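Enquirer:
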Amino acid sequence: MSQTSFKTDWVWHNWKFLPWDDAHQHHVTHSGHYGGWVFEWIRVYPTQAGAKIFRLNLHIERLLYSAKVAGMRVPYSQSEIEQACIDLVEKNKIQAGYMRPFISFWAWSMWLHPDAETMPLDVRVSFWKRWKYLSEDSIRVCIPSTRRIHPSTSDMNAKLCGHYANSIQVSLEVHKRWFDEGLLLDTDWYIAEWPGENICFIQWNTLITPSTGTILPGITRKTIMQIAKEEMNINIAERKILPEEITQFDEAFFVWTAAEVTPIASITLENDEVVRFTTGEEQSTTNRISSLYQRMVHGEIPQYVNWLF
Ligand code: PMP
186 MSQTSFKTDW VWHNWKFLPW DDAHQHHVTH SGHYGGWVFE WIRVYPTQAG
236 AKIFRLNLHI ERLLYSAKVA GMRVPYSQSE IEQACIDLVE KNKIQAGYMR
286 PFISFWAWSM WLHPDAETMP LDVRVSFWKR WKYLSEDSIR VCIPSTRRIH
336 PSTSDMNAKL CGHYANSIQV SLEVHKRWFD EGLLLDTDWY IAEWPGENIC
386 FIQWNTLITP STGTILPGIT RKTIMQIAKE EMNINIAERK ILPEEITQFD
436 EAFFVWTAAE VTPIASITLE NDEVVRFTTG EEQSTTNRIS SLYQRMVHGE
486 IPQYVNWLF
């Protein structure tokens with residue numbers, strides 16, 4: 186997809202709107218060189234009450250947590266950044282899309298240590314028209330040999346750009362093997378997540394998902410666990426999962442902001458055994474969760490409209 190097809194007119198930059206094409210940053214910045222940017226990926230949905238930003242408060246809360254982990258002292262409050270996101274949607278007059286707030290040290294520093302006293306921060310929000318990251322259909326997944334970053338090496342609850350160096354290595358490996366995506370194991374051989382999404386499995390009436398520690402605890406994962414429990418009476422099990430258990434599961438899907446619920450057709454294990462899952466059936470649990478999620482993000486379920494901003 187070409188850049189012009191997804192760009193919007195305006196970006197938000199340190200309390201000002203800038204035309205999209207004027208949003209440049211110098212290449213000699215601390216965050217650019219060392220991966221210290223922090224960011225979020227947020228969805229904007231059309232609803233009967235106009236464009237709404239899904240769970241904006243949770244995203245900005247996580248953004249500020251990530252900034253703290255990266256040693257940043259952000260000059261704006263959570264509600265100010267939330268307002269910037271709302272203003273940007275209104276300014277661009279677009280009903281649906283992806284919003285990406287990010288914070289970086291823009292100082293021309295080559296020192297590794299980010300000095301919060303002296304290093305100025307850039308706070309930006311950009312908004313893209315809708316595009317789809319993964320295919321709408323179910324996807325083929327393998328278990329790559331690259332492992333998820335160990336939580337003793339970085340705070341996995343933070344969304345730091347640097348963590349995506351690991352994700353890039355995985356996607357290179359996975360695409361070389363002609364799979365759509367890779368399911369990462371942690372260094373203790375338990376299932377973690379994929380390079381940019383969380384994973385859920387269904388076994389009978391239970392949704393099983395890896396516990397926190399080696400994953401980014403996703404806002405979609407949290408949302409799906411809540412609605413599956415409250416609206417569908419599904420049991421939730423957050424626990425360590427071994428790859429050998431995959432053969433016992435009935436369904437599998439990825440969850441994340443950008444692609445919402447993506448059904449998995451098959452997972453190829455490390456011994457090349459291919460485990461196939463139920464997909465495409467209207468009454469499958471994955472499909473029922475996915476349609477519930479769609480109705481909720483489009484403001485069609487009254488008890489969840491307060492998740493839309
Ligand atoms: N794990 C990783 C590594 C991610 O990058 C993301 C989001 N991009 C997720 C999980 C899912 O998080 P969320 O549901 O908050 O988008």
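Residue 206 in the working numbering sits at position 21 of the sequence shown, with consecutive numbering throughout. Glycine included, each C-beta is placed from N, C-alpha and C at the ideal position. In this text, all values refer to a predicted model and were calculated from it rather than measured experimentally.
Should T442 be counted as a contact of ligand 1 given a C-beta to heavy atom distance under 7 angstroms?
Expert: Sequence index remark: in the sequence shown, residue 442 carries index 257 (1-based). T442: yes, Cβ under 7 angstroms from ligand 1.
Enquirer: Taking CB distances under 8 angstroms as the criterion, tell me whether R240 reaches chain D.
Expert: Among the chains of the structure shown, chain D does not appear; only one protein chain is present.
Enquirer: Which residues in the same chain have their Cβ closer than 7 angstroms to the Cβ of V490, if we skip the five residues on either side of it in sequence?
Expert: Start at 1 with the first residue of the sequence shown, and residue 490 comes out as number 305. These residues qualify, in order along the chain: G484.
Enquirer: The alpha helix (DSSP H) that contains S352, what's its start and end?
Expert: Here residue 352 refers to the residue found at position 167 of the sequence shown. S352 -> alpha helix (DSSP H) spans 349-361.
Enquirer: Going residue by residue through the stretch 240-282, where are the continuous alpha helix (DSSP H) segments of at least 4 residues, counting only ones entirely within it?
Expert: You should have 241-254, 263-277.
Enquirer: Below 7 angstroms, is the gap between the Cβ of T338 and the nearest heavy atom of ligand 1?
Expert: The count along the sequence shown starts at 1 and reaches residue 338 at position 153. It does not: the Cβ of T338 is nowhere closer than 7 angstroms to a heavy atom of ligand 1.
Enquirer: Does the beta-carbon of P448 have 16 or more other beta-carbons within 10 angstroms, so that it is buried, or is it exposed?
Expert: The residue you call residue 448 lines up with position 263 of the sequence shown. Answer is buried; the Cβ neighbour count reaches 16.
Enquirer: Spell out the partners DSSP gives M284 in its beta bridges.
Expert: Indexing the sequence shown from 1 puts residue 284 at position 99. DSSP lists I227, F312 as partners of M284.
Enquirer: Less than 8 angstroms between the C-beta atoms of Y478 and I409, yes or no?
Expert: Position 293 of the sequence shown, counted from the first residue, corresponds to residue 478. Position 224 of the sequence shown, counted from the first residue, corresponds to residue 409. Result yes, Cβ atoms of Y478 and I409 sit closer than 8 angstroms.
Enquirer: Where does the unbroken beta strand (DSSP E) through R333 begin, and where does it stop?
Expert: In the sequence shown, counting from the first residue as 1, residue 333 sits at position 148. No beta strand (DSSP E) holds R333; DSSP gives it neither H nor E.
Enquirer: Considering only residues of the same chain and omitting the five flanking positions on each side of V482, which have a CB-CB separation below 6 angstroms?
Expert: Residue numbering aside, residue 482 sits at position 297 when the sequence shown is read from its first letter. Excluding residues within five positions, the ones whose Cβ falls inside 6 angstroms are Y230, F239.
Enquirer: Between which two residues does the beta strand (DSSP E) holding K237 run?
Expert: The count along the sequence shown starts at 1 and reaches residue 237 at position 52. Segment 235-238, the beta strand (DSSP E) holding K237.
Enquirer: Do Q388 and F434 have their CB atoms nearer than 8 angstroms?
Expert: What you label residue 388 is simply residue 203 of the sequence shown in a count that begins at 1. What you label residue 434 is simply residue 249 of the sequence shown in a count that begins at 1. Cβ atoms of Q388 and F434: closer than 8 angstroms.
Enquirer: Count the other C-beta atoms from every protein chain shown that fall within 10 angstroms of the C-beta of W363, then say buried if there are 16 or more, exposed otherwise.
Expert: Walking along the sequence shown from the start, residue 363 turns up at place 178. By the neighbour-count rule (16 or more Cβ atoms within 10 Å), W363 is not buried but exposed.
Enquirer: So, are the CB atoms of V274 and A234 less than 8 angstroms apart?
Expert: In the sequence shown, residue 274 corresponds to position 89, counting from 1. In the sequence shown, residue 234 corresponds to position 49, counting from 1. Going by C-beta atoms, V274 is not nearer than 8 angstroms to A234.
Enquirer: Do the stretch 384-403 and the stretch 417-429 make contact, defined as three or more Cβ pairs closer than 8 angstroms?
Expert: As far as the Cβ criterion goes, the stretch 384-403 touches the stretch 417-429, which means the pair count is three or higher.
Enquirer: With a threshold of 8 angstroms on Cβ separation, who are the neighbours of L249 within its own chain once the five nearest residues in sequence on each side are excluded?
Expert: The count along the sequence shown starts at 1 and reaches residue 249 at position 64. The residues are V259, Q263, I266.
Enquirer: Apart from the five residues just before and just after Y261, which ones in its own chain have a Cβ nearer than 7 angstroms to its Cβ?
Expert: Against the sequence shown, residue 261 aligns to sequence position 76. Same-chain partners within the cutoff: V308.
Enquirer: Take Q280 as the anchor and find which of K407, I271, F287 has the nearest alpha-carbon.
Expert: Counting from 1 along the sequence shown, the entry for residue 280 is found at position 95. Comparing Cα positions, the closest option is I271.
Enquirer: Could you check how far apart the C-beta atoms of V254 and A343 are, in whole angstroms? I think they sit under 8 angstroms.
Expert: Taking the first residue of the sequence shown as position 1, residue 254 is located at position 69. Taking the first residue of the sequence shown as position 1, residue 343 is located at position 158. Indeed, because the Cβ distance is near 4 angstroms, the residues count as touching under 8 angstroms.
Enquirer: Check this for me: beta carbons of I227 and H244, under 8 angstroms apart or not?
Expert: Translated into the one-based positions of the sequence shown, residue 227 becomes position 42. Translated into the one-based positions of the sequence shown, residue 244 becomes position 59. Result yes, Cβ atoms of I227 and H244 sit closer than 8 angstroms.
Enquirer: Counting only runs of 4+ residues fully inside the stretch 396-465, write out the alpha helix (DSSP H) ranges in chain order.
Expert: Here the runs fully enclosed are 404-417.
Enquirer: Among the candidates T464, I426, Y349, whose CA atom is the shortest distance from the CA of S323?
Expert: Taking the first residue of the sequence shown as position 1, residue 323 is located at position 138. The shortest Cα separation from S323 among T464, I426, Y349 belongs to T464.
Enquirer: For N472, report the span of its alpha helix (DSSP H) as first-last.
Expert: Walking along the sequence shown from the start, residue 472 turns up at place 287. First-last of the alpha helix (DSSP H) with N472: 470-482.
Enquirer: Looking only at C-alpha atoms, which of A437, T471, T397, W492 sits nearest to P336?
Expert: The residue you call residue 336 lines up with position 151 of the sequence shown. Nearest of A437, T471, T397, W492 to P336, Cα basis: T397.
Enquirer: Mind checking which residues open and close the alpha helix (DSSP H) that includes H218?
Expert: Within the sequence shown, the letter at position 33 stands for residue 218. Segment 215-219, the alpha helix (DSSP H) holding H218.
Enquirer: Just checking T405 against ligand 1 - is the residue's beta carbon closer than 7 angstroms to any of the ligand's heavy atoms?
Expert: Reading the sequence shown from its first residue, position 220 is the one you call residue 405. At least one heavy atom of ligand 1 is nearer than 7 angstroms to the Cβ of T405, so yes.
Enquirer: Could you have a look at P504 and say whether DSSP puts it in helix, strand or coil?
Expert: This structure does not reach residue 504, given that the chain is present from 186 up to 494, and the question cannot be answered.
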